[in-house]
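Enquirer: One structure, pasted below without further comment.
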Amino acid sequence: GGGGLLARGKATLAAAKEGAKHVVSGAAHVLEEERHRIGHRIEEKKQALKAGVAEKIEAKLKSTILDTAAMTYINSIKPSVTADPRMPFTVRQFTQRIVDIAYTKFNSRLPKILDDVLLKRSDEVAQEEEKLNLEEADRLKRASAAMQGEVLTEESIKAPPPSPPPSPPDAATDAQHKAATIIEKNVRRSVSTKRDDFTHTYGVSSKWSRSRLRRFLYRTRAAFLYNYMPFDRSIFGVLSSPLGVAILAVSFWPGWYVRAIFFTLLLAAITWDAERFQLVHLVITLKGTQFISGVIGAIKMMFLLWGCGVYRPGTCDTAGPGVGEVLWVQVALVCWMQLLTVIAFLGIPYARARGGSMTGTALKIVKDKRLKGEGELGYKRLEDEKQDSKSEVASSKVSDDDDDDDDDDDD
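Residue numbers for the sequence shown, in the working numbering: 11 to 421.
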C-alpha cells in the first residue's frame, strides 16, 4: 500500500510539473506575442513620424535647390556668359535672350527632375528598411522559439545584420552643387546651339567674314563705338578710360578737318548697323561739341589777333587768323558737318530701336500674377514694369483729382 501511494504521488508530481511547464510556456508565448504586437504598433508610429519628417525634409531640400539654382543663374551663370565688354550690343542682347529662354525651360523641368530623384531615393530607402525589418522579425522569431525549449541552430544565433551607413551630412550641399552644374551645362549648350544657328542664318561664317580685314574692321568699330558711347558706363566711366578721353579730345578739336573726318567715320560706323540710340547720340554730341569747339576756336583767334596786333604790330596780314587757308574749303567743311547732322536725323525713323543701356534687356525676378500662390519665380521685363508704374502714377493722380473735387463739393 505504501509503495503504490508513493508511486501515485510521484506520478501526480510529474503531472503537476508537466502542467506547470506547459502553463509557463503558454504564458511566455502570450507575452511574446503581446510584445511583438506592441513593438509593431510602436514601429508603425515611428515609420509614420519618419515619413512625415522625410516629406518635410524633401520639400525643404527641393525649395533650397530651386532657390539656389535661381541665384546661381542670376549671379554667376548669366553674368559670366554675357560679361564680355568687347561683345557687340546686338550679340549681347541676343545672347541674353537665349540664356533667359534656356533657363526658363530648364526651370520648368527642374521640379519634375527633383521629384523623380527624391522619389527614387525614397523607394530605395523604403526597400532597404523593409528588408532589415524582415530580417529582424525572423531573428526575433527564432529567438522566441529557442526560449520555448526548441533546439538552437546556427542560423538562430547568427549575428544581426550591420546597420546601413548613415547619409552624408552635406547631402543638401551636394544636391545644390549638382543642380547648379546641370543648369550651367544646359544654358551653355543652348547658347552654343543658338549661336551656331545665328552664325549660319546671317552668314557670319562665310569666307568673306573670315578674312582678317573683316575681323579687324568689326573689332575696330566695336572698340570705337564702345569707348565713345558705351551703353553701360556714364561720362565718368568714359573719363576713366584713356582711349575714351582721347576720342573725346578729338571730337572737341576746333579744326574743321579733324571734326569732319571724325564725325564722318562715326556716322559710317553707326550706319553699318543703324541703331536709334546711337544716331540720336550722334546728333546731340555733334551739335554740343560744335559749341565747345567754337568756344575753343574763339579763344584761339583772340590770342592770334592779340599777337599780330599788339605783340607784333603790322603782322596781321601775314600771320593773322585765317591767313593761308582756302575759303571755299572751310565753307564746304561747315556745310558737310551740317549735312552729317541732317543725314543722322533723317535716319532715326529707319533705325532699330534697341535701347541704349542694359536696363532695356535686363530681367528682374518678380512675382508674376499668373503664378501667384504657386511659389514659382516669374520674370517680367523692366520696360513693362516702367509702364505699370506709369499707369499706377496716372491712376493715383486721377484719384487725387477726384478727391480734390469731392473736397470742393463738400466745401
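Built from N, CA and C at the ideal position, the CB exists for glycine as well.
None of these values were measured; they are calculated from a predicted model.
Sorted by chain position, which residues of the same chain lie with C-beta nearer than 7 Å to valine 255's C-beta, five sequence neighbours on each side aside?
Expert: As a working note, residue 255 is residue 245 in the sequence shown. Around valine 255: Leu249.
Enquirer: Taking one C-beta from the segment 310 to 324 and one from the segment 234 to 250 each time, how about it: are there three or more such pairs within less than 8 Å?
Expert: Contact between the segment 310 to 324 and the segment 234 to 250 is absent, because fewer than three Cβ pairs lie under 8 Å.
Enquirer: Tell me the DSSP bridge mates of arginine 362?
Expert: Against the sequence shown, residue 362 aligns to sequence position 352. In DSSP, arginine 362 forms a bridge with Glu285.
Enquirer: Determine the closest residue to aspartate 242 out of Arg102, Gly36, Glu43 and Asn196, with distance taken between C-alpha atoms.
Expert: The residue given as residue 242 occupies position 232 in the sequence shown. That would be Arg102, whose Cα lies nearest to the Cα of aspartate 242.
Enquirer: Tell me the residue span of the alpha helix (DSSP H) that contains phenylalanine 241.
Expert: Counted from its first residue, the sequence shown places residue 241 at position 231. Run containing phenylalanine 241: none; DSSP gives neither H nor E here.
Enquirer: Is glutamate 285 buried or exposed, if buried means 16 or more other CB atoms sit within 10 Å of its CB?
Expert: One-based indexing of the sequence shown puts residue 285 at position 275. Classification of glutamate 285: buried, given that the 10 Å Cβ count is 16 or more.
Enquirer: Figure out for me which residue from Ile87, Ser73, Arg107 and Ala112 has the closest Cα to the Cα of proline 121.
Expert: Translated into positions along the sequence shown, residue 121 becomes position 111. When only C-alpha atoms are compared, the closest one is Ser73.
Enquirer: Please determine if the segment 266 to 284 and the segment 350 to 358 are in contact, where contact requires at least 3 C-beta pairs separated by less than 8 Å.
Expert: Flag = yes, the segment 266 to 284 and the segment 350 to 358 touch.
Enquirer: Quick one, which of Leu23, Ala308 and Asp148 has its alpha-carbon nearest histidine 46's?
Expert: On the sequence shown, position 36 is the one that residue 46 refers to. If we check each option's Cα against that of histidine 46, Asp148 comes out closest.
Enquirer: Do you know whose CA, among Gly334, Pro264 and Trp282, lies nearest phenylalanine 301's CA?
Expert: On the sequence shown, position 291 is the one that residue 301 refers to. Cα-wise, what sits closest to phenylalanine 301 is Pro264.
Enquirer: Rounded C-beta distance between leucine 337 and alanine 279? I'm assuming under 8 Å.
Expert: In the sequence shown, residue 337 corresponds to position 327, counting from 1. In the sequence shown, residue 279 corresponds to position 269, counting from 1. Going by Cβ atoms, the distance from leucine 337 to alanine 279 rounds to 31 Å, so no, they are not a contact pair.
Enquirer: With a CB to CB cut of under 8 Å and the five nearest residues on each side skipped, what residues in its chain are close to valine 341?
Expert: On the sequence shown, residue 341 is found 331 positions in, with the first residue counted as 1. Contacts found: none.
Enquirer: Please list the terminal residues of the continuous alpha helix (DSSP H) segment that includes proline 252.
Expert: Mapped onto the sequence shown, residue 252 falls at position 242. Taken as a continuous stretch (DSSP letters only), the alpha helix (DSSP H) holding proline 252 covers 252 to 262.
Enquirer: What's the gap between the Cα of serine 200 and the Cα of glutamate 140?
Expert: Mapped onto the sequence shown, residue 200 falls at position 190. Mapped onto the sequence shown, residue 140 falls at position 130. Distance between the alpha carbons of serine 200 and glutamate 140: 43 Å.
Enquirer: Between the alpha carbons of isoleucine 192 and glutamine 57, how many angstroms are there, rounded?
Expert: Along the sequence shown, read from residue 1 onward, the residue named residue 192 stands at position 182. Along the sequence shown, read from residue 1 onward, the residue named residue 57 stands at position 47. Going by the C-alpha atoms only, they are around 33 Å apart.
Enquirer: Is it true that the CB of methionine 239 sits closer than 8 Å to the CB of histidine 291?
Expert: The count along the sequence shown starts at 1 and reaches residue 291 at position 281. The count along the sequence shown starts at 1 and reaches residue 239 at position 229. Taking 8 Å as the Cβ cut-off, histidine 291 and methionine 239 qualify as a contacting pair.
Enquirer: What are the boundary residues of the alpha helix (DSSP H) that includes isoleucine 87?
Expert: For this step, residue 87 is matched to residue 77 along the sequence shown. Premise fails: isoleucine 87 is in no alpha helix (DSSP H) and is neither H nor E.
Enquirer: Please state if the CB of glycine 330 and the CB of cysteine 318 are separated by a distance shorter than 8 Å.
Expert: Along the sequence shown, one-based indexing puts residue 318 at 308. Along the sequence shown, one-based indexing puts residue 330 at 320. For cysteine 318 and glycine 330, yes; Cβs fall inside 8 Å.
Enquirer: Roughly how many whole angstroms lie between the Cα atoms of phenylalanine 226 and isoleucine 358?
Expert: The residue given as residue 226 occupies position 216 in the sequence shown. The residue given as residue 358 occupies position 348 in the sequence shown. Their backbone Cα atoms lie some 27 Å apart in a straight line.
Enquirer: Which value, in whole angstroms, describes the spacing of the CA atoms of leucine 253 and alanine 80?
Expert: By one-based count along the sequence shown, residue 253 stands at place 243. By one-based count along the sequence shown, residue 80 stands at place 70. Taking the straight line joining both Cα atoms gives about 37 Å.
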